[in-house]
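Numbering (my numbering), first residue to last: 1 to 123. Scroll down for the structure; my scribbles are underneath it.
Following this line, the structure appears as structure tokens:
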């Protein structure tokens, strides 16, 4: 499993050096705790369950009523940027969507200074 976890994190990153061997060991240890891996997988499963894509399903979703910042890796191969399309209809307040260039799925690990600066500017 350790090799699989390291491969998963590095393969989804554009900047491969964002994950050292020590980093992947920490993630591996965390994901090996009872229930953690299942919960991580369930997060993605829930987001992409087929029921969420049924026509009219969005009518049951309450609008988000707080200012929102969404940061997205330009080269994210796990979650498509097409999911951003039409997101404004679910927002009662404005949303800022920022695409982070030359980043994959793990932008907080790949460019932590960029992410931190964007969050601080937003706040």
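C-beta: ideal position from N, C-alpha, C; glycine also. No experiment lies behind these values; they were computed from the predicted model shown.
Identify the residues that DSSP records as bridge partners of residue i: which are they?
i	result
residue 99	72
residue 64	91
Could you check which residue in the options has the C-alpha nearest to that of residue i?
i	options	result
residue 63	46, 88, 119	88
Which residue marks the beginning of the alpha helix (DSSP H) containing residue i, and which one marks its end?
i	result
residue 78	Looking at the DSSP string, residue 78 is not in any alpha helix (DSSP H), and its letter there is neither H nor E.
Looking at the structure shown, is residue i part of a helix, part of a strand, or coil, going by DSSP?
i	result
residue 117	helix
residue 8	helix
residue 112	helix
residue 20	coil
residue 45	helix
residue 25	helix
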